[in-house]
Structures are given as C-alpha cells and as structure tokens.
Amino acid sequence: MKFCSECAHPVSLQIPPDDTRPRFVCSNCGTIHYQNPKMVVGSIPVWEHEGETRILLCKRAIEPRLGYWTLPAGFMENNETTEDAARRETEEEAGAKITLHGLFSMINVPHVHQVHLFYRATLLDLDYAAGIESLEVEMFTEAEIPWEDIAFPTVAYTLKAFFSDLKLVQKNDAKFALHTEDIYKPMRSN
Ligand code: ZN
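In my numbering, the protein residues as written are 22 to 211.
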C-alpha cells in the first residue's frame, strides 16, 4: 500500500501505539490500514455414475498457475456467505450447478495470507462449461487426476483427503470428516 484510501496521502509502515505489528498508517488523517487474511472458497463437485466417482476440475486460464488444474474456487466477496462463495465460484469457473454438502477442508496458508475452504458438492447435471477464468473443465476419476499438474498444494491436499475418506465411506467405515491443515510454503510436485 502506498496511499491512504481515505485521503490519498502517502502512508508509511509503522507500529502504532499499543500495537505489536507494523501497519500502514496515514500521518494526514490518522487512519490505520489493517490488513488481514483473505478467504478462498471452493467446492469438490462430485459426479457418481455406475459405481465410479468423478470430480470436476478446471484448467486455469489465468495466472498464477496458468494451465494447471484446480478445484473451482476463488476469493470470497463481501456480503456473501462461504456457501454462497463456493456455489458462485463453481458456477463462474465451471458453469456447473451443484448441491453443497458439508465443509470438507480448511487450510491455513499463512505465507500468502489466505485461508482456503472447500465444500463437498454434488453436480446437478453434466451441463458444465469453462468460464472465462478456465481453459477447460473436465471430470476425473482418482486414477485420472493429473496429480503432477495440480495448481495449488491446498487443492492436492483436499483431493487426496477426499479420495481417502471416500474409500472409508464406501466401505461404511466412516463419514466424511472435516480436514484441517497448515501449509507454510509451496510443496514440491506432490
Ligand atoms: Zn489518510
């Protein structure tokens, strides 16, 4: 941040009185510009057919990670809930209509100031199509997932946990759980 969004005066990084962290402070109007993590929310759109479980993935048409595959997800907007965000991002990026189920993963990514949330979801039909942020949208079984070309560690983590839970659920050994993780820096290709 270079300029105050309240008065357009240049801001400077300093620790305000009674605080412990550097903040962007405006010496003209006194505003302290707090910056906090952003929520990235998405879905795990599932299609079950003849005993096979497929997940809808989007190939990214934008940076970062252009050309890599991801679950539909994006930044939560003001005035919406996390569930609204998951449905909206799935519609925008994959043109897909879903029914949402439970929250499946919550992953802190402190070094990029983000928290990622993914909901389990069922595709309502196969009428999906790539939105402007996607090059392609495709369904994959676990064996078909392009594990080497997954865009983000949070997506790889979520997909692995999903298929691991799915096997237990199909054996009637468990229900889907909420998976939480902290990812401190980008992992290598798996
Ligand atoms: Zn100001």
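We treat Cβ as the ideally placed atom computed from N, Cα and C, and that holds for glycine.
Owing to the predicted nature of the structure, the values given are computational and were not obtained by experimental measurement.
Distances from the CA of ALA117 to each of MET160, PHE125, ALA29 were compared; the closest alpha carbon is that of MET160. Taking the Cα of ARG75 as reference, the smallest distance to any Cα among ILE166, ILE204, LYS192, LEU199 is reached at ILE166.
In this structure the region 91-102 touches the region 57-67; the number of beta carbon pairs closer than 8 Å is three or more. Short of 6 Å from the beta carbon of THR179, and not among the five residues preceding or following it, lie these beta carbons of its own chain, in chain order: SER126, PHE139.
The beta strand (DSSP E) runs lying completely inside the region 83-145 and spanning 3 residues or more are 94-96, 119-130, 135-144, given in chain order. Runs of beta strand (DSSP E) with 3 or more residues, each lying fully within the region 147-198, are found at 155-161, listed in chain order.
Per DSSP, reduced to three states, the secondary structure at ARG81 is strand.
When C-alpha distances from ASP146 are compared across ASP170, GLY123, GLU112, the shortest belongs to GLU112. Here DSSP, grouped into helix, strand and coil, assigns GLU27 to coil. Listed in chain order, the non-local C-beta contacts of THR52 below 7 Å within the same chain comprise CYS25, GLU27, local neighbours out to five positions each way being set aside. About 12 Å separates the CB atoms of ARG108 and HIS122; that is not less than 8 Å, and the two are not in contact. Cβ neighbours of ILE36 within its own chain (closer than 6 Å, five residues either side excluded): PRO43.
Between HIS54 and MET22, the CB-CB gap stays under 9 Å. In this structure, DSSP gives GLU71 a state outside helix and strand, which the three-state scheme calls coil. The C-alpha of ALA29 lies about 52 Å from the C-alpha of THR162. Straight-line spacing of the CA atoms in ALA150 and LEU77 works out to 11 Å. For ALA182 and THR91, the gap between their C-alpha atoms comes out near 15 Å.
Residue environment analysis places SER33 among the exposed positions, since fewer than 16 neighbouring C-beta atoms fall within 10 angstroms of its C-beta. Taking the Cβ atoms as the reference, ILE153 lies roughly 7 Å from ALA82, within the contact range of under 8 Å.
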